[in-house]
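For the sequence shown, this note's numbering begins at 47 and goes up steadily by one. Even glycine gets a Cβ: it sits at the ideal position worked out from N, Cα and C. So the structure is just underneath, and the comments pick up after that.
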Amino acid sequence: MAQRYNIYADNAATTKLSPTALEAMLPYLQADYGNASQPYSFSRSPKKAIKAAREIIANCIGADPEEIYFTSCGTESDNWVVAGAVDLGLPIVTSAIEHHAMLKPCEHALSRGHKVTTLPVNADGIVEEQTLENATIESNGIVSIMYANNEIGTIQPIQSLVKIAHSKGWLFHSDAVQAIGHLPINVHDLNVDLMSASAHKFNGPKGIGFLYIRNGLEWPPFIKGGAQEHGFRAGTENVAYIVGMATALQENVERIDGTSCHLTKLEQIIIDNLSSANVTFKRNGAREHIPGNISLSFPGASGEMLLHRLDLMGISVSTGSACDSQNTQISHVLKAIALDNEIARGTIRISLSRDNTESDAIYIASAIVSIL
Ligand code: PLP
């Protein structure tokens with residue numbers, strides 16, 4: 047099949063910056079470049095922009111503005127949670143399918159003698175309630191379970207997991223980097239204590255994120271220095287990126303139902319086209335998943351080969367395994383859902399966005415069929 051056009055289908059890795067967000071950012075990179083912490087009138091505009099952005103973001107997730115702390119990315123937000131737990135001496139319970147942004151700092155904490163327990167998931171990638179129930183045996187600690195998984199899209203039963211944690215006196219953090227801006231989220235309804243987000247996953251700029259910290263929770267500061275973010279996360283505010291993040295989030299949240307409907311339709315086109323071409327595949331993850339996130343395993347195939355062949359045909363996807371010269375390494379997520387190695391090797395992740403069209407979906411499916 048000749049290359050037709052470029053199709054970006056790796057939106058779980060990053061998304062395209064919204065033009066509205068870019069436009070909102072520009073003044074703060076040019077004319078309104080003042081340091082938001084300074085008292086003179088030149089800094090009034092960036093200061094006001096940060097205040098408005100905080101309000102918009104809070105409103106998008108049902109929080110209060112003072113519960114939003116800007117960070118440099120989702121990784122930083124997750125690291126803040128682990129560092130805080132270590133500072134407070136709180137044991138951590140997390141899951142085997144968390145992003146490395148959570149697992150690596152947890153491993154580091156564990157290597158320094160901090161108590162960290164990693165829970166298994168079921169074959170759909172779900173942390174079962176009973177598993178958490180059995181793990182939270184001490185009198186306090188913090189549970190950290192991601193809202194939705196980046197590789198297989200599985201959405202966790204966060205509300206019931208929060209209830210279990212709280213009933214044992216444990217705090218609850220959720221890494222919602224893949225969920226915020228894609229699923230309706232209300233932190234007060236969920237009753238979470240902390241939640242991580244990252245702008246570049248919802249059409250905002252790269253290099254900016256936030257941590258939601260529930261009012262009344264005394265969480266230790268992370269980056270020490272100036273008085274920014276009430277002294278909890280020092281560093282001169284990245285005004286343009288903060289504004290871009292708020293604009294993109296608001297735009298995504300306003301369109302969430304329409305986008306979700308569109309993506310469900312595109313997913314179905316891909317699945318139906320593969321099925322009608324008699325391709326053998328397994329779809330990974332739970333029925334409740336992030337719209338547009340499709341993890342597919344093709345027995346006997348190599349995900350790495352598929353990625354490169356699709357790339358040659360103008361399609362960007364990701365794989366669930368990474369080859370080095372000696373071995374194919376199966377991702378920790380595919381291992382955690384106990385996918386047979388032979389099947390896991392042939393896994394790709396297609397993650398669609400509102401910019402993808404029905405003809406993109408048809409082209410992706412026919413490209414996979416032609417390669418296999
Ligand atoms: N958490 C999850 C679930 C993610 O998917 C990612 C990025 O892929 C991160 C955290 C890290 O976010 P960032 O790229 O903003 O550091």
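(message) For A413 and H234, what's the separation of their Cα atoms in angstroms?
(response) 44 angstroms
(message) Quick check: L240 and I254, are their CB atoms within less than 8 angstroms of each other?
(response) no
(message) Measuring straight from C-alpha to C-alpha, what distance separates I315 and E404?
(response) 7 angstroms
(message) Could you give the first and the last residue of the continuous alpha helix (DSSP H) run that contains K94?
(response) 90 to 106
(message) Buried or exposed for S206, going by 16 or more other Cβ atoms inside 10 Å?
(response) exposed
(request) With DSSP as the reference, label A70 as helix, strand or coil. (result) helix
(message) Between which two residues does the alpha helix (DSSP H) holding I396 run?
(response) First-last for I396: 393 to 397, but that is the beta strand (DSSP E), not the alpha helix (DSSP H).
(request) Could you tell me whether any non-hydrogen atom of the ligand PLP is closer than 7 angstroms to the CB of H219? (result) no
(message) Is the separation between the beta-carbon of S397 and that of G304 shorter than 8 angstroms?
(response) no
(message) Is it buried or exposed, H335, if we count other Cβ atoms within 10 angstroms and call 16 or more buried?
(response) buried
(request) With DSSP as the reference, please indicate the residues paired to M241 in a beta bridge. (result) S220, Y258
(message) Can you determine whether any heavy atom of the ligand PLP sits closer than 7 angstroms to the C-beta of N196, and answer yes or no?
(response) yes
(request) Identify every residue that forms a DSSP beta bridge with R329. (result) L342
(request) Pair every Cβ in the stretch 141 to 152 with every Cβ in the stretch 271 to 278, then say whether three or more of these pairs are closer than 8 angstroms. (result) no
(request) Starting from the Cα of N324, find the closest Cα among L418, V173, A147, I102 and give me that residue. (result) L418
(message) Starting from S141, trace the alpha helix (DSSP H) in both directions and tell me its first and last residue.
(response) First-last for S141: 138 to 141, but that is the beta strand (DSSP E), not the alpha helix (DSSP H).
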